[in-house]
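Undergrad:
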Amino acid sequence: MIRVDLHTHTNHSHARDTVREMFEAGQAKGLIIQGFSEHSPRPLGYDYPKEYREHLAATFEEYIQEVTELKNEQAPRGITVLLGLEVDWLEDQQNYIRDMIARHNYDYLIAGIHFLGTWGFDASADDWAKLAFEEKCALYERYYRTMKVMAETRLFNIVAHPDLIKIFSVEDFRRWLDLPGSMELIREALVAVRDAGMAMEISIAGLRKPCREIYPGPRILRLARELGLSITFASDSHATDQVAWNFEELARYAAAEGWTESLVFSRDGVKAIPFTEEQL
Ligand SMILES: [Zn+2]
Ligand SMILES: [Zn+2]
Numbered sequence: 003m004i005r006v007d008l009h010t011h012t013n014h015s016h017a018r019d020t021v022r023e024m025f026e027a028g029q030a031k032g033l034i035i036q037g038f039s040e041h042s043p044r045p046l047g048y049d050y051p052k053e054y055r056e057h058l059a060a061t062f063e064e065y066i067q068e069v070t071e072l073k074n075e076q077a078p079r080g081i082t083v084l085l086g087l088e089v090d091w092l093e094d095q096q097n098y099i100r101d102m103i104a105r106h107n108y109d110y111l112i113a114g115i116h117f118l119g120t121w122g123f124d125a126s127a128d129d130w131a132k133l134a135f136e137e138k139c140a141l142y143e144r145y146y147r148t149m150k151v152m153a154e155t156r157l158f159n160i161v162a163h164p165d166l167i168k169i170f171s172v173e174d175f176r177r178w179l180d181l182p183g184s185m186e187l188i189r190e191a192l193v194a195v196r197d198a199g200m201a202m203e204i205s206i207a208g209l210r211k212p213c214r215e216i217y218p219g220p221r222i223l224r225l226a227r228e229l230g231l232s233i234t235f236a237s238d239s240h241a242t243d244q245v246a247w248n249f250e251e252l253a254r255y256a257a258a259e260g261w262t263e264s265l266v267f268s269r270d271g272v273k274a275i276p277f278t279e280e281q282l
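Numbering (our numbering), first residue to last: 3 to 282.
1. Indicate, with yes or no, if ligand 2 has a heavy atom lying under 6 Å from the CB of Asp19.
2. Give a single yes or no on whether Ala162 has its beta carbon closer than 6 Å to a heavy atom of ligand 1.
3. DSSP beta-bridge partners for Thr82?
4. Below 7 Å CB to CB, which residues in the same chain sit around Tyr108 once its five sequence neighbours on both sides are set aside?
5. Apart from the five residues just before and just after Leu72, which ones in its own chain have a Cβ nearer than 7 Å to its Cβ?
6. Below 8 Å CB to CB, which residues in the same chain sit around Glu203 once its five sequence neighbours on both sides are set aside?
7. Looking at C-alpha atoms only, which residue of Ala253, Tyr50, Ser268 is the closest neighbour of Glu279?
8. Gly119: buried (16+ other C-beta within 10 angstroms of its C-beta) or exposed?
9. Identify which residue in Arg44, Gln67, Ala241 has its Cα closest to the Cα of Glu56.
10. Locate the alpha helix (DSSP H) running through Gly28, then write down its first and last residues.
11. Taking 8 Å as the cut-off, does the region 137 to 144 touch the region 175 to 183 (at least 3 CB pairs, one atom from each stretch)?
12. Can you list, in chain order, the residues of its chain whose CB lies under 8 Å from that of Thr242, leaving out five sequence neighbours each side?
13. Among Arg147, Arg156, Arg210, whose alpha-carbon lies nearest the alpha-carbon of Glu186?
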């Protein structure tokens, strides 16, 4: 059983439910550690078709307050609530990112690569349908080069959904993995993640998306294990019914490669928490 979920969103961005509703859903799933990792503010020019920027900007301080209150309230009960943030990694906005993350005292920071240049690549299947295979390959390559640069900044604790780039083209992504040099590029990115003291997230959210595959897929998962990476577990939930959703499968998936524990980052340091394949 996995009793930790470090990746949850709230109604302060584009998710459906409140901090407290998401927490109660986690309690019903038997979590003992729940991390909130709301999306970060993003500068103008990096836009999604359905944008939540203004709503997030208007309520961001409430997010911080609500999670902090919950954290203080639950600590005496032995339930750990963590204040995190899923930071949009924007390669040309490093000063913006440094200023933004310095504004609050977060327990941990997840780096999410959702943008290449100013294009949010995980929003529209139509964007991908127009691309030739070679163009997709160039994007896959760019994604892993971007991941390496991100890790080398040493600003973050966790890399989110480490093959999100496959979301709308998983068949082509698998073909790309078979091409010479692809796994080597991923290896370089994962080595940078490991050497920065970061963990790699294993996220069940991929099963809910068009790629229908856990992030990362099996080949990248195996490589991460060979390289000795640590892991965290993620639902990337945007509604209460997604909190710790299908974590039985996530536990089997990680255990099959040999992991027995996941990491939890907080202001107090890093802890390894064991998990098992058995359910309560
Ligand atoms: Zn994300
Ligand atoms: Zn997320």
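Cβ atoms here follow ideal geometry from the backbone N, Cα and C, with glycine treated the same way. Predicted model only: the values in this text are computed from it and were never measured.
TA: Straight from the coordinates:
1. Position 17 of the sequence shown holds residue 19. Result no, Cβ not under 6 Å from ligand 2.
2. Taking the sequence shown and counting its residues from 1, the one referred to as residue 162 is at position 160. Between ligand 1 and Ala162, a heavy atom-to-CB distance of less than 6 Å is present.
3. In the sequence shown, residue 82 corresponds to position 80, counting from 1. Per DSSP, Ile35.
4. The residue labelled residue 108 in the question sits at position 106 within the sequence shown. So the qualifying residues of the chain are Leu85, Gly86, Leu87.
5. By one-based count along the sequence shown, residue 72 stands at place 70. Val21, Arg22, Phe25, Val83, listed in sequence order.
6. Your numbering for residue 203 matches position 201 in the sequence shown. Result list for Glu203: Leu8, His9, Ile112, Ile160, Val161, Ala162, His163, Pro164, Tyr217, Ile233, Thr234, Phe235, Ala236, in chain order.
7. Position 277 of the sequence shown, counted from the start, is the residue given in the question as residue 279. For Glu279, the nearest C-alpha among the options comes from Ala253.
8. Indexing the sequence shown from 1 puts residue 119 at position 117. The residue in question, Gly119, is exposed, as its Cβ has fewer than 16 Cβ neighbours within 10 Å.
9. On the sequence shown, position 54 is the one that residue 56 refers to. For Glu56, the nearest C-alpha among the options comes from Arg44.
10. Your numbering for residue 28 matches position 26 in the sequence shown. Note, Gly28: alpha helix (DSSP H), 21 to 30.
11. The region 175 to 183 makes contact with the region 137 to 144; the number of CB pairs closer than 8 Å reaches 3 or more.
12. Taking the first residue of the sequence shown as 1, we reach residue 242 at position 240. The beta carbon of Thr242 is closer than 8 Å to those of Arg18, Asp19, Glu23, Met24, Glu26, Ala27 in its chain, skipping five residues each way along the sequence.
13. Position 184 of the sequence shown holds residue 186. Comparing Cα-Cα distances from Glu186 to each of Arg147, Arg156, Arg210, the minimum goes to Arg147.
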